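Residue numbers (this note's numbering): -7 to 246.
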């Protein structure tokens, strides 16, 4: 079987399912597992893949995501007769189901089922634990200049919601709204989470936010963006990470 993956998290998932040897093309952003992806042909970015080259590779499957990849590229690949596996999980449960679907596509049903079952069990466990804890109001920042956050109807919001998080930006019209800092003050989060990707927030950005009147008393955490947003490959570890992250807000150490 020949496979092209235009989704970094799915590329990683395919290796986890034992199907990495099927990959004949991946994006420039497919970086895990690093020792394996280095030898695979790169076919461009998630937003600007080399459609002509993908067609030449004659894959049996092209894995695409409706958020990561452009509709026009998917349409061009389908028009060329290629078979596409579409995904767009906005919840943890949808991500778990996607693991099974990917496994079905590449003949790795056994490993996919085991992986999905383990994630489902962990999801049930932490949600039960979260029911005994107080909720945490948070904002999850994904970009600077302009400031942007994760809104509602996103995988991240469902993941953090399951462990007791309340996204103060969830009611915004955009899934990833831009905002001014005074709007963040008005939203009254308890904690501001700053992601490691797509924008690589650092400690200096925490100080920048603390310098804005009204934001200085808040808690700030630098968060692992891959753990919280790479559905499929990071769903299982991401569940535990999300739980520990909010527990750190509830009971800060030191």
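Cβ atoms here follow ideal geometry from the backbone N, Cα and C, with glycine treated the same way.
Owing to the predicted nature of the structure, the values given are computational and were not obtained by experimental measurement.
Of 45, 231, 7, the smallest CA-CA separation from residue 147 is found for 231.
The C-alpha of residue 84 is placed about 28 Å away from the C-alpha of residue 27.
Judged by beta-carbon spacing, residue 226 lies beyond the 8 Å limit of residue 125, meaning their Cβ atoms are not closer than that value.
Taking a C-beta distance under 8 Å as the contact criterion, residue 177 and residue 212 do not qualify as a contact pair. If you draw a straight line from the Cα of residue 77 to the Cα of residue 210, it is about 42 Å long. Runs of the beta strand (DSSP E) lying entirely within the region 55 to 94, each at least 3 residues long, are 76 to 79 in chain order. Residue 212: member of the beta strand (DSSP E) spanning 211 to 215, first to last residue. Rounded to whole angstroms, the gap between the alpha carbons of residue 219 and residue 104 is 19 Å. In the three-state DSSP reduction, residue 144 falls in the coil class, being neither helix nor strand.
Looking at the DSSP output, residue 187 sits in a beta bridge with 215. Taking the CA atoms as reference points, residue 68 sits about 12 Å from residue 45.
In this structure, the straight-line span from the alpha carbon of residue 142 to that of residue -1 is close to 19 Å.
Where residue 225 is concerned, there is no enclosing alpha helix (DSSP H), because DSSP gives it neither an H nor an E. Under the three-state reduction of DSSP output, residue 206 falls in the coil class, being neither helix nor strand. Here DSSP, grouped into helix, strand and coil, assigns residue 139 to coil. In the same chain as residue 91, and ignoring 5 residues on each side of it, the C-beta atoms closer than 6 Å to its own belong to 104, 107, 108, 224, in chain order. Annotated three-state conformation of residue 229 is helix, per DSSP.
Our two residues, residue 135 and residue 193, have alpha carbons roughly 8 Å apart in a direct line. Here DSSP, grouped into helix, strand and coil, assigns residue 238 to helix.
Between residue 122 and residue 144 the beta-carbon gap is near 18 Å, outside 8 Å, which marks them as no contact.
One alpha carbon belongs to residue 41, the other to residue 52, and they sit about 17 Å apart. Secondary structure within the region -6 to 55: the alpha helix (DSSP H) runs of 4 or more consecutive residues, fully enclosed, are 0 to 8, 26 to 29, 43 to 49 (chain order). A direct Cα-to-Cα measurement between residue 64 and residue 244 gives close to 47 Å.
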